[in-house]
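Engineer: Sharing a structure, written as structure tokens. Questions coming.
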Amino acid sequence: MSAINYSEKIPNNVNLSEDRTLQRALEHWQPNYLQWWQDMGPEGSQNFDVYLRTAVSVDPQGWAQFGHVKMPDYRWGIFLNPGDADRKIHFGDHMGEAAWQDVPGEHRANLRRIIVTQGDTEPASVEQQRHLGLTAPSQYDLRNLFQVNVEEGRHLWAMVYLLHKYFGRDGREEAEALLERNSGDADNPRILEAFNEKTPDWLSFFMFTYFTDRDGKFQLCALAESAFDPLARTTKFMLTEEAHHMFVGESGVGRVITRTCQVMNELKTDDPAKLRAAGVIDLPTIQRYLNFHYSVTIDLFGADQSSNAAIFYSSGLKGRYEEGKRSDDHKLKGQTYKVLDVQGGQLVEKEVPMLNALNEVLRDDYIKDSMAGVERWNKLIEKAGLPHRLKVPHKAFHRNIGTLAGVKVSPEGRVVSESEWNAKVDEWLPTAEDRAFVASLMGRVVEPGKFANWIAPPVMGINRQPVDFEYVRFG
Ligand SMILES: [Fe+2]
Ligand SMILES: [Fe+2]
Numbered sequence: 052m053s054a055i056n057y058s059e060k061i062p063n064n065v066n067l068s069e070d071r072t073l074q075r076a077l078e079h080w081q082p083n084y085l086q087w088w089q090d091m092g093p094e095g096s097q098n099f100d101v102y103l104r105t106a107v108s109v110d111p112q113g114w115a116q117f118g119h120v121k122m123p124d125y126r127w128g129i130f131l132n133p134g135d136a137d138r139k140i141h142f143g144d145h146m147g148e149a150a151w152q153d154v155p156g157e158h159r160a161n162l163r164r165i166i167v168t169q170g171d172t173e174p175a176s177v178e179q180q181r182h183l184g185l186t187a188p189s190q191y192d193l194r195n196l197f198q199v200n201v202e203e204g205r206h207l208w209a210m211v212y213l214l215h216k217y218f219g220r221d222g223r224e225e226a227e228a229l230l231e232r233n234s235g236d237a238d239n240p241r242i243l244e245a246f247n248e249k250t251p252d253w254l255s256f257f258m259f260t261y262f263t264d265r266d267g268k269f270q271l272c273a274l275a276e277s278a279f280d281p282l283a284r285t286t287k288f289m290l291t292e293e294a295h296h297m298f299v300g301e302s303g304v305g306r307v308i309t310r311t312c313q314v315m316n317e318l319k320t321d322d323p324a325k326l327r328a329a330g331v332i333d334l335p336t337i338q339r340y341l342n343f344h345y346s347v348t349i350d351l352f353g354a355d356q357s358s359n360a361a362i363f364y365s366s367g368l369k370g371r372y373e374e375g376k377r378s379d380d381h382k383l384k385g386q387t388y389k390v391l392d393v394q395g396g397q398l399v400e401k402e403v404p405m406l407n408a409l410n411e412v413l414r415d416d417y418i419k420d421s422m423a424g425v426e427r428w429n430k431l432i433e434k435a436g437l438p439h440r441l442k443v444p445h446k447a448f449h450r451n452i453g454t455l456a457g458v459k460v461s462p463e464g465r466v467v468s469e470s471e472w473n474a475k476v477d478e479w480l481p482t483a484e485d486r487a488f489v490a491s492l493m494g495r496v497v498e499p500g501k502f503a504n505w506i507a508p509p510v511m512g513i514n515r516q517p518v519d520f521e522y523v524r525f526g
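Set out below in structure tokens:
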């Protein structure tokens with residue numbers, strides 16, 4: 052079951068050939084997907100041979116095979132973790148009942164919405180990143196970008212399989228619509244706001260893969276607990292791919308920091324103007340990018356109080372992060388959770404029913420996880436002997452959803468007036484000038500083993516290959 056059949060048009064480990072109708076429907080969607088990849092996927096790269104990993108089984112050991120592939124020939128397919136015939140629902144009102152192998156009628160609309168919303172983010176990020184290949188700081192980075200892109204494409208396949216298999220005609224229509232919405236399109240945008248933002252430069256890309264792919268991790272972890280077993284099995288395998296995306300982000304930002312610290316030490320200065328003149332990105336600019344990506348990403352968890360979140364949990368559609376490892380009653384009725392509110396111009400905590408606050412619970416778990424990586428970045432600065440530190444802003448900073456939308460809060464968590472916000476915002480969020488400066492550094496480096504001046508080389512290559520390996524053959 053865990054081995055993937057590559058002899059079929061659509062590689063899969065779900066015995067697709069036994070369901071002719073489904074197979075035909077997906078083979079009908081496949082050329083539309085490839086057309087979307089041509090039109091909206093990585094720009095100007097269709098002919099490159101890229102050193103990519105392809106899933107060959109879903110076993111935790113050695114599921115990947117590496118080799119040079121032209122991206123349009125990448126074998127996108129359908130891979131689910133093996134099932135457990137005795138799996139039980141382990142939270143919510145149906146706790147203890149057998150997990151669902153099909154979609155219960157009463158949860159159909161909600162499950163479809165969850166799957167479509169997740170599915171929509173996958174091609175959106177490919178669209179957001181489509182121009183980055185033109186300015187890659189090295190072959191190594193170019194390869195990592197493309198690896199992330201083909202896997203986001205595969206995640207779209209994962210969701211489209213569920214839509215086709217379990218949601219009939221509605222599902223097929225939704226699968227088409229996933230190729231029709233486009234990131235940033237004024238008439239037909241992607242569903243979630245962060246996925247309509249631009250990813251204009253590589254610092255944004257690394258921040259995005261660190262922060263926003265990590266949102267993906269937490270959403271997928273919550274769905275991996277689902278009572279709807281095919282969704283749980285699909286998302287479990289997606290998570291193994293997601294880990295690499297966050298590695299790209301964490302190590303990418305880390306390498307930018309390392310290079311900046313080197314130059315700070317060489318020039319014995321922390322003056323942003325001097326560092327910019329030397330062609331590296333000053334730490335305050337990195338901090339402002341961090342503030343932006345962090346705040347936009349934590350909005351993705353949704354409103355702090357949400358009756359939908361309660362319904363999704365109680366009906367077993369979406370669990371908490373690591374639901375299985377928690378020792379409470381997994382029903383949460385009568386329990387409370389603290390969320391932020393604004394009273395008399397101050398942020399205050401208030402207790403609300405936990406079931407309604409599950410978006411906030413997931414957001415808080417995410418915050419802990421993302422702070423840990425920021426501390427690892429700080430270790431790099433510390434190791435360079437420099438006193439500066441990066442910091443995630445307060446949870447209420449620059450929010451656009453829920454209670455905190457419309458309240459102006461400083462990165463330290465102080466409610467500020469509109470005029471103070473306007474006076475300080477250029478210290479807190481990337482300015483047009485910051486973005487123009489970062490853009491000015493973006494130039495294409497194509498020689499194996501060479502890196503742009505603003506970023507340090509990685510400590511090691513991909514799949515034990517040397518750093519100067521030919522990761523991309525331009526052909
Ligand atoms: Fe993804
Ligand atoms: Fe991802």
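Residue numbers (the numbering used here): 52 to 526. Using N, Cα and C, we set each Cβ at its ideal position, and we do this for glycine too. Note that the structure is a prediction, hence the values are computed from the model and not measured.
1) Taking all protein chains shown into account, do 16 or more other C-beta atoms lie within 10 angstroms of the C-beta of Gln190, making it buried, or fewer, making it exposed?
2) Check this for me: beta carbons of Thr286 and Trp114, under 9 Å apart or not?
3) Any idea if Gln198 is buried or exposed, counting beta-carbon neighbours within 10 angstroms, 16 or more meaning buried?
4) So, helix, strand or coil for Trp208, using DSSP?
5) Which residue marks the beginning of the alpha helix (DSSP H) containing Leu398, and which one marks its end?
6) Output needed for Thr260: all residues of its chain with C-beta closer than 6 Å, excluding positions within five of it in sequence on either side, in chain order.
7) When DSSP labels each residue in this structure, what does Trp505 get in the three-state scheme?
8) Does Thr72 pass the burial test, meaning 16 or more other C-beta atoms within 10 Å, or should it be called exposed?
9) I think Leu207 touches Gly170, with their Cβ atoms under 8 Å apart; what is that distance to the nearest whole Å?
10) Within 10 Å of its beta-carbon, does Asp485 have 16 or more other beta-carbons around it, so buried, or fewer, so exposed?
11) Kindly say whether Arg223, judged by its beta-carbon, lies nearer than 9 Å to any beta-carbon of chain D.
12) At a cut-off of 8 Å, is Ser234 close to ligand 1 when judged by its beta-carbon and the heavy atoms of the ligand?
13) How would you label His79, buried or exposed, when you count the other beta carbons within 10 angstroms and need 16 or more for buried?
14) Just verifying my parser: in three-state terms, what is the DSSP assignment at Lys475?
15) Quick check: is any heavy atom of ligand 2 less than 8 Å from the C-beta of Ser176?
16) In its own chain, which residues sit with a C-beta less than 8 Å from the C-beta of His381, not counting the 5 before and 5 after it?
17) What residues match up with Gly118 in a beta bridge as DSSP calls it?
18) Is it a yes or a no for the region 101-111 touching the region 232-243, going by three-plus beta-carbon pairs under 8 Å?
19) Between Asn64, Gly156, Leu183, which lies nearest to Pro93 when the distance is taken from Cα to Cα?
20) Does the structure place the region 444-464 close enough to the region 149-157 that three or more beta carbon pairs sit under 8 Å?
Structural biologist: Based on what the coordinates show:
1) buried
2) no
3) buried
4) helix
5) Here Leu398 belongs to no alpha helix (DSSP H); instead the beta strand (DSSP E) covers 397-404.
6) His296, Val299, Gly300
7) coil
8) exposed
9) 6 Å
10) buried
11) In the displayed structure, chain D is absent; only one protein chain is listed.
12) no
13) exposed
14) helix
15) yes
16) His141, Phe142, Gly143, Met146, Glu374
17) Leu103
18) no
19) Leu183
20) no
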